[in-house]
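One structure is given here, and the rest of the page talks about it.
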Amino acid sequence: MAGVLRMREAAAPGRSGTARGALVRLVLVRLAASFAVLWGAVTATFVLLQVMPGSTADVLLARSSVTPAIRARLVAEYGLDDPLPVQYLTYLGRIARGEFGESYVLRRPVWDEIAAQLPDTLLLVATTLLVTVVVSVLAGLLSVNRRAWVRSLFAAAESLVVALPPFWLGLLLLTVFSFTLHWFPAIGSSSPAGLVLPTVALAAGPAAVVAGVLREGLLRAMEEPFVVTARARGIGEAALRLRHVLRHALLPVTTLLGWIAGSLIGGAVIIEIVFSRQGIGRLALSAVANKDMPVVVAVVLVTAVAFVLLTITVDILTWVIDPRTRDAGR
Amino acid sequence: MPRSLWPWTAVLVLLAAMAAFPSLFTGADPDAADLEAVLRPPGAEHWLGTDQNGRDLYARIVYGARPSLLIGTGAVLLALVAGVAVGVAAAQLGRIADQVLSRSLDVILSVPGLLLVFLVVAVLGPGSGSAAVGLAVVSVPGFARVARAEVIRLRAAQYVEAAHGFGWSRAQVVARHVLPNAAGPFLALATVSLGAMIVASSSLSFVGLGPRPPTAEWGAMLADSREFLALAWWPGVFPGIAVTVAVLAVTLVGQHLNRRVERRLP
Amino acid sequence: MTAEDPLVAVRDLTVRFPVRRGEVEAVRGVSFRIGRGQIVAIVGESGSGKSVTARSLVGLAGEGAHVAATELAFDGIDLRAVRGRGWRAVRGRRVGFVLQDALGSLDPLRRVGAEVAEPLRAHGVVPAREVDAEVVRLLGEAGIPAPEGRARQYPHQLSGGLRQRALIASALAARPDLLIADEPTTALDATVQRQVLGLLRERVGHGTAVLLISHDLGVVAEIADHVYVMKDGLFVEDGPAARVLESPSHPYTRTLVGAALGRAARPRVTPGGSPREVLRAEGLVKEFTLPGRGAFTAVEDVSVTVRAGETLGVVGESGSGKTTLGRLLMGLLDPDAGRVLLDGRPWDGLRGHARRTARRGVQMIYQHPLSSFDPRYTARQILEEPLRAAGTAGRERAVRVARVLEHVGLSPAVLDRHARELSGGQRQRLAIARALAPEPQVIVCDEPVSALDASIQAQVLDVLADVQERLGVAYVFISHDLGVIRGLSHRVVVMKDGRVVESGETRRVLDHPAHPYTRALLDAVPRFAVRGRLRSRA
Amino acid sequence: MGAALRPATTTPAAWAGAVLLLALVAACSPGTAGTAGSGTGDASPRAGGTLRLAVEKEPECLDPHQSPTESARLLTRPIVDSLVYQDPQGKFHPWLAREWKVSADKLTYTFRLREGVTFTDGQRFDAAAVVANLDHVVDPKTKSLLAGSLLAAYRSSKALDPLTAEVTLKRPDSGFLAALAQPNLGIESPITLKGPASKLCAVVVGTGPFKSETGFTSQKGIDYVRNPAYAWAPEGTKSGPVPLDRIEVTVVPDNSARLGALTSGQVDAVTGLAPASVGTLKSTPGFTLHTTRFPGANYSYWPNTEKGPLSDVNVRRALRAGVDWRQIVKNVYFGVYDGAQGPLSASTPGFDGSLAPAYGHDPAEANRLLDQAGWTGRDAAGYRTKDGKRLTLRHMWSDPSVSNLAVQIQAAAKRLGVEIVEENLDGGTFVNRLLAGDYELIDTSFSAPGPDVLRVLFSAENIPTPERGISNNMARYDDPRTEDALKRALDAASQSEQFGVYAEVQRRITEDAAVLPIYSPLSVVAARDGVRDVRFNVDGSPDLSGVWLAS
C-alpha cells in the first residue's frame, strides 16, 4: 500500500540525530515504566489468586485420591504452607531469575506449556490483525468518497457487525460452513483452512470498528486546509488520499490497532473455546480454575510483555507517521 | 431525532420495559420445563419454539432481558464512577499520584480482559454482580484515561482559568466546570461501552460466568443451544438476535445522542 | 487596468450552497477582471463571500457549491465547462493558491520539500531527477535561508513566516500566471507580515498576477493595484487602491477605512489616572521546561507598575512573553523570581482563601471570548458566576448583573441566550461585563480585539474606554497592534523575548522610539495606516 | 481443563470431573459391552491405516502413575502394558506376567515374567523394571494422585531373578490384582522413571502395542505409531499383529464440534458424545455407535443425610418417590441412557435387581411422606414449609452450567413443593463446603468394576471432613449396620457370599434412601462404519488395540 510506503519514506535517513535520540530515549523510558507494569501485573495476579476461596492444595487435589503423605509432599514442595509474604517473595525472586517453575496441575515446566500453546494463539491474533487492517483500510477507502447513502450503508453494516457477539458469529459460521457445508474443518488449529473461520469470527468486530474510525478520520482529514492546498496544486483525488489524507487517518487507527491487538489475546479465549483450538487463552482459564499459580502468573507475564511491546510499537509507529510528536517528546 | 432512529428507540424502550416488567410481555413461566414439549419448533403455541427443557424460548428471551442488560449497564455505571474518580485523581493529585494510577491502569490493561474477569469472578463467586464488577474492572482504564485527558484538556481551557480568577477553589472549579463539560466524551464512551459490555456479558454467560441457572440469560441460552444445534436451530439463533438487536439499538441511539451533544458543545 | 485580453474575466458570478432548508447565496453576482501581472484585491469582513469568490476560479468553492456566471474565463479557458480532472490542468499549473494559516495548509506529516515538489511532480514541470534541485531553488527564491536544510524539515519546525514563504514557493512552483493569496498574512506578526507582502509584490515583477483576499485594508494598501470591496456577497465599490482608500464613496467602505484609521486616529486616552499604584511587578522571572527541549525563559526580569484608572499597554510580537506576564499579574502563575503586589500586598504572601479572594481584584479579558465562557452557560450564568464565587446574595446579584450589562451597552435581552448565539462584538462586551462584575481594580486585556473585524474593534475599544472613564478601573492592555495601543494606553512597555526593551509614556515611546526593536515594530505597520495617522494629525 | 470452561451437560460435578474409577477387589463383571449397529468383528481384520479419534477430555498429565484422570488411562493404555489383564467380564489373564502365585497369608505375590519383552526405547523388560515401577508409584516424589492409593497396601518388592518379581503387602488386599491390571499401574521404561517427572507428563514409554515419541500436547492431543516388535498381547484376547499403523488423537472438548468433525469426515471416531448427538447420529447413515454401560454407581444425587432437611429419611424417600426420574432421563437424554434401578448400574457384578420397585414413581406416597415429615405448610410460591421455613435444598455444582437434567429435576421437585436451589460454585468454595457438609445435594456418578464401590461411597470412614480431606461418601451416610455389612463383605470367602452381603447393603441403602440414583452412564464411541472391532476395557473405556479400518 502506498500509505505504508510513504511512512517508510518519512523515516528515511536525513532525520536529525537528536530526533532519533529522542526515540531511543522514549523507548528506554517506556521500558523502564513497563517493569513497574509487569511487577504490578504479577503482584495483582498473586493477590487475586490468594484471595480466591479455597486452599490451593484442596483445589489441586479435588479430583484425586491421594494418601496423606503425598498431600504433605505436594504442600511442602510447592511451599503452600509458607506464610504468604514468604510465598510471594520467593515467587518474585524466582521470576526475577527467569525461573517460572513447574505447573502445579500440568506438572510440566511452565515455559514448555506456554511454548506449546502460544504459537497457535499468536497465529490467530496475527491473521486477525492482518485481516482487520486489510479489510478496514479497503472498506474505509472504498466508502469514503462515495455518496452519503453509500457511507451510511457501510456504517450500518459496521454497526451490525460490531453488535454481533463474536462467539455467536463463530457458532453460526461453524454450523453453516463446517457442520453443514463441510467447507472448513470443524476442529483443528494449525491448518490454514482451520484458521479461516476463527479469524473471520475474531476479526469481524475489530475490522468494522477500525473501518468506521478510519472513515471518520479520512473524512475529518478531508476537511483540513492542507487538502484544499493540495487540490489547488492540481493533484488527483487518488494521490490526495494516498499521499495526504490516509496518513492522517492512520494516526488514530494506529492507536486503536494497538489496543485491539492487546484485547485480541483476551478475545481469542472465547474463539478458542468455540472452535476447539488450542491456545494460551484456554490454558490460562483452566489454570485460574485450578489455582495453578505458576501458569497463571506466567501467562499474565507473557501477555503483559506483549502489551508493553505493543504500546512501544504504537509509540514508534506514531513517531514514524507523525513528525510532530518527534520534537514534542513525551 | 431522525426518522430512521425511531424503530431503534422503540426497541430500546421495549427492551427496558421487558427488563422492568417481563410479565407484561408473556404469561409463560420462563423456567417452566415441559417434558412433553422439548425442542418444539417455532409455532402458534410457542412463538419462538422451546428449548431442550421444553421451556418457552420467547418467555426466556423476555425474562433474559433483565440480567442480559443489567450486567452490562451495571458494569458501565461502575466503571464510569470508578474511572472518573481515578482519572480526576490522576490529573489533579500531582505527578507521583498520576504515575502510580496510570501505571496501575496499565496493569489492568496488560492482563487479557477475559482472564481478569475470570479472576475477579473467581474471587467474588459466580453471579450477575460479580460479572458486572469484573467487567467494570476491565473497563475502568478506558474511562479513567478519558477522565484524566479531559480534566487536563479542560484545565487548560480559558473558562476554567477564568473561573480560578473569580476565586473558586480547585475542587469547586473541577465540579462546576471541568466535570460537566467532560460529560460529552463520557457519554460517548459510555454508550460505546454499553454495547460492548452487553456483548461481553453475554460472552461471560456463554462460558458460564454469568448469572446462576436457571436464570434466563441470552449468552447462557446460546451456550446451552450448542449441543442441540443439529436437532434444532431456533435456540441457537433467537437469543443471538436478541443480543445483536439490543446492542444495535443501544449503539445507534447512543451515537445519535453523542452527535447531538457534540453539536451543542463547541 | 489593461482592457485588452485580461487574464481573468468574471461576470455575474453567483455561488450558492445547499443548507438544511433551501440554499444560501454566498456570492450574489459579482464581476471583475484581473490583468496580467496585476495585483487585484478583494476586501471584506469575514463571511462577505470573498474567499468563495476566489476559490471559484479553481473549482474549489466547496462541497455542493453551485457556481454560475455569464462569464468565468481564465486566459481564454471557459472555466464553467471545466469538470473533474480538467481542473487539474488549471490548478497548480496555471493558478497557484496560498491560504492563510500555513501550519494547516501545509500537510503537517510531510516534509516541506515534498510539499513544494508536489506541483512540480503533478504537472511534470521539470524532469524527476531535477525536482530536488528545483525545490531548493524555489525555497531560496521565496527568501528562505539555507533552503537545502529547510526542505528536509517538517512544517511545524518552521516559523510562521518561513512556513508562509514555503507555501508561496509551493504555489509558485509550477510558474502559474495567477496567484490567489487568501489572507496570506493574517496569522503573522507585523514585521513578518511586511516581509511576506514584499515577497508577493516581488512576484508581480516576474509577471504573475495576484488576486489578494484580505480583511485588512492596511495590507491591501501596501501592494494592490485595484481593490474590490465586498459585503454580503456583493461588490459595493471598486477602483484603484489609492482612490478607494483615500476617498471611499460607499458608506461601507468608509466604515472600513474609518475603522482602520480609527484605531490610530481617535485616541480615547482618558484624562489619566491618580498616582496611586494598584498593581506592581518587581523583577519577574518565569521559566518553562519543555519536555525534550530544555528550559526556556518566558519572562525575564520584568518590572511594571499600574496606577489606578490608567491603561498600561504591553506591546510585542507573539512569543515575547506578553501573555505569561498577564498570568503572573493575575496570580494564576507563580513567578520563579520577583513578586507581584496587588494594592501593596504581594501574591506570594497570600494562600488559600485569602488568595482566592484577592484574585477578584484582577480580572481578565481574552482574545477569544467564546472559549473563556463555559459552553453550557447562558449569558446570565456567565455574569453571575463571579458573583456567586464571591458569595453575593441572589437579589444583589441581579442588580449587579443589570448594572454591568448597562456599562457595556448590552441589552438585558441577551441574558437568556448562550454566548455562542451572540455576535463577536456582543461576546466581547459580555466578557468585559463579566470582568467588571467582581468590581476589580485591574483588568488584564489579552489581545481583546485582534480576533474581531475592524468595524467591531472600534466599538469594543470604545466600550473599554467608556468603562474606564466611568469606573476608574485600570487596564493592562496586551496587544501586538500598535494602533490599538496608541489609541488606548497612557503608558506602554515594549517586550521582546521576555524582556522589557523600552517603556514610558505612550506618545514618547511611539513617536520617538529609542530602542531599535520599537522602531522596527513601527516600521512594520503597513504604510497606509501610517499615512492615515499622519494625515489625521495634519 | 478448567472445570469452569466446560459447559457440561452430562458430566457429574466437576471436582470429580473425570469419572473416578477405583480398582476394588477382584470382581467378575459381566459388563454389557455391546455394539449397536453393524460392522463388528465378523470380517477378518485388515492391517494398516490411521485411526483419527477425537476425545472429549484430556489429562493434565499423561503419566498414569501421576494422573488420576480417565483420559490419562485412555491415552496411555495403548502405550503401557500391565502385569495382568482383566477382561470385561472381570477375569484375570496373564500379560506381562506369565503366571503368579499368592502366598497363603495373602501378603506375598510372586510373578513369573514373560521373556523377550522390550520397551519401545530398546530397554529390556525384567523384574527390576517391575520393582522400579511399583516403587516409583508409591514414592511421594511422584505425587501420584490415584495410583499411589491403588497401592495403599503395598510394602515392598524385589527381583528374585531377572524374570521373577516378588511383591509384599502390608495387609491382605483382594483388589491388588485388579489394581495391577489398571493402566495406572502400567509398566513404564525404568530409565524414563529416573528422568524428570515433568517429562513423563508428556512422553510415556512402555511395552505396549503403540508408542508415541512426540508425546502429548495439551489442548491438542497425541499421535501413536504401531510398535512393530509387539508380540505379547494379553492371553485370551485376539492375538496377532496390531492392525492399525497409527492413531491420531485430538482433544475436542466441544460436543457439537466433535460431532461435526465426525460427520464431516475430519475424524474417524469420537468418544463422549452427548445424548442429543447420539440421537442425531443414530439417524445418520454411515456411522456406527459402540456403547457400553459404565459399571459402578449410577449417576445420582447424593443427599446430605447428616444435617438439613434431608437428614429426615421421609423427606429423602419422598424426593425419591415424588420425582419421576426415569421419565426425566428418557426425555432429557432422548432415550439414550437407561434410568437407574438401584444404587448400582445394572451392569455391575453383584447388582440386586429386586430393589427396582422401590425406585418407582409414586407422587401420592411422596406427598404423604412429606406431610408426615411435618412439611405441611405452603408459602406464596407454592413451596412446602415447616415452622415457617421453606423446604429448600441446595444443590452444589462446581460446573458453570447446570445440566438440563438438573433443570428438569428442579421443576419436578417444585411440583412436589420442594425448592431446589442450584448453586454454581468455584472449585475452592465447593471443596470447602463439601468438607464442611454445608449442602443438601451433590451429584456424581462413580464407575467401578464391582460392588465394592459401595464401601467407597457409603462407609462412614469415607465421609469428607476437613481433617480427612476429600472423600467419596458424599451422602455422609453413617449407619452401623451397613458398616458392619461392609466389613463382612471384605472377609467374604466366596464371590456369592460377597454378593449376598452387598445385596444386603443395597437393601439398607434403598430403605434409608441414602442415594437418589438417576441413570447409568454410557461409554460411547461413535465411528464411521469403516471402523471395526471397537471394544471396551473392563472399566468401560474404549480398547483401541484391536480396532481396524475396513476402509
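Protein chains in written order, with full-length UniProt numbering: chain A, 1 to 330; chain B, 1 to 266; chain C, 1 to 538; chain D, 1 to 551.
Virtual Cβ for every residue (Gly too), placed ideally from N, Cα, C.
Fair warning: this is a prediction, and the values are worked out from it, not measured in the lab.
Name the one or two DSSP bridge partners that residue i has.
i              : result
P346 (chain C) : C:L341
K231 (chain C) : C:L234
W168 (chain B) : W168 (chain B) pairs with nothing; no bridge assigned.
L83 (chain D)  : In DSSP, L83 (chain D) forms no bridge with anything.
Q363 (chain C) : C:I443
F32 (chain C)  : C:V10
Any chance the CB of residue i is under 7 Å from a heavy atom of the ligand ZN?
i              : result
E213 (chain D) : In the structure on display, the ligand ZN does not appear, and there are no ligands present to speak of.
Look up residue i in the DSSP assignment and say whether it is helix, strand or coil.
i              : result
A159 (chain D) : strand
R499 (chain C) : strand
Y475 (chain C) : strand
M222 (chain A) : helix
R376 (chain C) : coil
E45 (chain C)  : coil
Y154 (chain D) : strand
Y230 (chain D) : coil
L218 (chain B) : It is Trp, not Leu, that sits at residue 218 (chain B) in the sequence shown. Helix at W218 (chain B).
L5 (chain B)   : helix
R400 (chain C) : helix
F119 (chain D) : coil
H248 (chain A) : helix
So which residues on chain E does residue i lean against when the C-beta distance must stay under 9 Å?
i             : result
E99 (chain A) : Among the protein chains in the structure shown, which are A, B, C and D, there is no chain E.
Of the residues the options, which one's Cα is nearest the Cα of residue i?
i                     : options                        : result
L211 (chain C)        : C:V501, C:L99, C:H512, C:K231  : C:L99
T368 (chain D)        : D:V315, D:Q408, D:A356, D:Q341 : Here residue 368 (chain D) turns out to be Arg, not Thr, going by the sequence shown. The option with the nearest alpha carbon to R368 (chain D) is D:V315.
residue 577 (chain C) : C:P240, C:T311, C:V278, C:L60  : Given a span of 1 to 538 for chain C in the structure shown, any question on residue 577 (chain C) remains unanswerable.
request  = Could you list the residues in the region 374-399 of chain C with a C-beta less than 7 Å from some C-beta on chain B, going in chain order?
outcome  = D374, P375, R376, E385, P386, A389, A390
task = Specify whether the region 205-223 of chain D and the region 65-84 of chain D touch according to this definition: at least 3 beta carbon pairs, one from each stretch, less than 8 Å apart.
result = yes
ask   = Between the region 153-173 of chain B and the region 119-132 of chain A, do three or more beta carbon pairs fall short of 8 Å?
value = no
message = If the cut-off is 8 Å on Cβ atoms, which residues from the region 324-338 of chain D count as contacting chain B, listed in chain order?
response = Q327, I328, N331, V332
message = To be precise: take each residue of the region 439-461 of chain C, compare its Cβ to all Cβ atoms of chain B, and keep it if any distance is under 7 Å. Which residues remain?
response = none
request  = Please confirm if the region 414-421 of chain D is in contact with the region 37-47 of chain A, defined as three or more CB-CB distances below 8 Å between the two stretches.
outcome  = no
inquiry  = Is it the case that the region 16-26 of chain C contacts the region 195-206 of chain C, given that we only count it when at least three CB pairs across the two stretches are under 8 Å?
reply    = no
request  = Mind checking the region 348-363 of chain C against chain B and listing, in chain order, the residues whose C-beta falls within less than 9 Å of any C-beta there?
outcome  = G352, H353, R355, R356, T357, A358, R359, R360, V362, Q363
key: contact_flag[the region 271-286 of chain D, the region 488-507 of chain D] where n(CB pairs < 8 Å) is 3 or more   = no
request  = Name, going along the chain, the residues of the region 163-181 of chain B whose beta-carbon falls closer than 9 Å to a beta-carbon of chain C.
outcome  = A163, H164, G165, F166, G167, W168, S169, Q172, R176, H177, P180, N181
message = Please list, in chain order, the residues of the region 208-237 of chain A that have any C-beta partner in chain C closer than 8 Å.
response = E224, P225, F226, V228, T229, A230, R231, A232, R233, G234, I235, G236
inquiry  = Output needed in chain order: residues of the region 216-227 of chain B with a Cβ under 8 Å from some Cβ in chain D.
reply    = A220, A223, D224, R226, E227
message = Tell me which residues of the region 303-327 of chain A have at least one Cβ-Cβ distance to chain C shorter than 8 Å, keeping chain order.
response = I321, D322, P323, R324, D327
ask   = Which residues, taken in chain order from the region 240-259 of chain A, show a beta carbon closer than 7 Å to some beta carbon of chain C?
value = H244, R247, H248
inquiry  = Short of 8 Å Cβ to Cβ, which residues in the region 206-217 of chain D face chain A?
reply    = T217
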